[in-house]
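The structure appears below as structure tokens.
There are 2 protein chains.
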Amino acid sequence: MTQVRKRKPPPTPRQAAARDGPIDALLKPEFFKAFSHPTRVSLIACVAKCGRGCSVGEIAECCSVDFSVVSRHLALLARSGVLEAKKHGRTVFYTVRYAELCRSLRVLADALEQCCPEKGGTCGGKSC
Amino acid sequence: MTQVRKRKPPPTPRQAAARDGPIDALLKPEFFKAFSHPTRVSLIACVAKCGRGCSVGEIAECCSVDFSVVSRHLALLARSGVLEAKKHGRTVFYTVRYAELCRSLRVLADALEQCCPEKGGTCGGKSC
DNA sequence: TCTATACTTGCATTATGACGCAAGTACGCA
DNA sequence: TGCGTACTTGCGTCATAATGCAAGTATAGA
Numbered sequence: 004m005t006q007v008r009k010r011k012p013p014p015t016p017r018q019a020a021a022r023d024g025p026i027d028a029l030l031k032p033e034f035f036k037a038f039s040h041p042t043r044v045s046l047i048a049c050v051a052k053c054g055r056g057c058s059v060g061e062i063a064e065c066c067s068v069d070f071s072v073v074s075r076h077l078a079l080l081a082r083s084g085v086l087e088a089k090k091h092g093r094t095v096f097y098t099v100r101y102a103e104l105c106r107s108l109r110v111l112a113d114a115l116e117q118c119c120p121e122k123g124g125t126c127g128g129k130s131c
Numbered sequence: 004m005t006q007v008r009k010r011k012p013p014p015t016p017r018q019a020a021a022r023d024g025p026i027d028a029l030l031k032p033e034f035f036k037a038f039s040h041p042t043r044v045s046l047i048a049c050v051a052k053c054g055r056g057c058s059v060g061e062i063a064e065c066c067s068v069d070f071s072v073v074s075r076h077l078a079l080l081a082r083s084g085v086l087e088a089k090k091h092g093r094t095v096f097y098t099v100r101y102a103e104l105c106r107s108l109r110v111l112a113d114a115l116e117q118c119c120p121e122k123g124g125t126c127g128g129k130s131c
């Protein structure tokens with residue numbers, strides 16, 4: 004191998020898809036599904052902007068849907084890791100999981116950037 | 004006003020929700036809906052890992068659904084700004100919009116962090 | 001101009017998700 | 001132990017989305 008090492012040719016999409024990379028683990032549909040519905044997004048924004056733990060009843064006052072619907076959306080958001088639920092007596096306080104959320108978003112951004120050929124992504128190799 | 008300026012008490016969720024903040028503009032359900040379906044996610048990962056423009060036919064080889072389904076998902080991904088479509092003759096090449104995607108994710112992470120009380124988020128004020 | 005290729009679109013079917021109501025559970029307090 | 005509050009869960013209905021087939025459009029090349 005005396006030849007100068009050149010960038011490998013990009014793989015076919017089929018080859019690329021078969022290879023497991025960082026973004027496969029990061030692109031979780033369940034996570035993004037949390038943010039994919041207007042009602043849920045407004046609940047997240049409500050809790051985030053409030054900046055403290057909010058009860059289901061308080062949050063339900065912010066939107067026009069039924070209390071039970073809010074309860075279900077909040078439970079889903081907690082399951083998908085966007086919110087955290089803490090029970091105090093009869094009341095459940097929801098807070099945004101800021102640290103985990105920000106980390107997830109940034110890690111995904113980094114992983115995507117690694118795929119970008121213009122940013123030195125070695126997609127012909129194995130970084131993605 | 005000779006009193007020492009103290010952190011304002013957090014607003015009620017209702018007050019917080021009524022106030023418009025950066026994250027309201029950033030949490031677009033349509034954007035996240037793109038990532039909320041397993042088939043779409045695998046298409047995105049396929050194109051990203053491939054690292055070059057991929058045709059609909061090539062991408063369709065990577066997953067088990069019908070060609071027409073792939074075509075529709077790709078069109079949706081292009082509409083929501085995740086992919087870019089470029090037509091060369093009869094062939095449409097899809098690429099990941101790395102820069103815009105990474106930027107969106109990081110801006111959102113920053114905005115969320117601004118809401119976090121522990122990170123100095125002034126949610127009792129008007130940053131969120 | 002004809003044909004093959006590459007993709008899109010219309011349509012019917014099926015699956016999933018959102019919603020509201022009502023009933024149920026959990027918990028604090030008298 | 002009984003009652004009220006805070007929330008969850010079961011269920012039926014409706015809306016949206018996903019899917020596959022078949023037909024349609026666009027374009028390159030013979």
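Protein sequences appear in the order of chains R and L.
Each residue of the first sequence is one higher than the last, beginning at 4 in the working numbering.
Each residue of the second sequence is one higher than the last, beginning at 4 in the working numbering.
All C-beta atoms in this analysis are idealised placements derived from N, C-alpha and C, irrespective of residue type, glycine included.
Range covered by the beta strand (DSSP E) that runs through residue i
i	result
Lys-36 (chain R)	Run containing Lys-36 (chain R): none in the beta strand (DSSP E); it sits in the alpha helix (DSSP H), 32-36.
Glu-87 (chain L)	86-91
For residue i, the first and last residue of its enclosing alpha helix (DSSP H)
i	result
Thr-94 (chain L)	Per DSSP, Thr-94 (chain L) belongs to no alpha helix (DSSP H); it is in the beta strand (DSSP E), 94-99.
His-76 (chain L)	70-82
Lys-52 (chain L)	41-53
Asp-27 (chain L)	25-29
Pro-16 (chain R)	16-21
CB contact flag (residue i, residue j, <8 Å)
i	j	result
Ser-39 (chain L)	Phe-35 (chain R)	yes
Leu-111 (chain L)	Leu-108 (chain R)	yes
Pro-13 (chain L)	Cys-65 (chain R)	no
Arg-100 (chain R)	Leu-86 (chain R)	yes
Ala-63 (chain R)	Phe-70 (chain R)	yes
Gly-56 (chain L)	Tyr-97 (chain L)	yes
Leu-30 (chain L)	Ala-37 (chain R)	no
Lys-52 (chain L)	Ala-20 (chain R)	yes
Which of helix, strand or coil DSSP assigns to residue i
i	result
Lys-129 (chain R)	Residue placement at Lys-129 (chain R) is poorly supported in this model, since its pLDDT is 47, which falls under 50; the coordinates still yield a value, given next. Coil at Lys-129 (chain R), not helix or strand.
Glu-64 (chain R)	coil
Ala-114 (chain L)	helix
Cys-105 (chain R)	helix
Pro-120 (chain L)	helix
Whole-number beta carbon distance between residue j and residue i, since they are thought to touch under 8 Å
i	j	result
Ala-102 (chain L)	Pro-25 (chain L)	Rounded, the Cβ-Cβ distance is 20 Å, inconsistent with contact.
Val-158 (chain L)	Val-95 (chain L)	The structure shown does not extend to residue 158 (chain L), since chain L is modelled only from 4 through 131, so no value can be given for it.
Pro-41 (chain L)	Pro-32 (chain R)	5 Å
Arg-43 (chain R)	His-91 (chain R)	Contact flag wrong, Cβ pair sits at about 23 Å.
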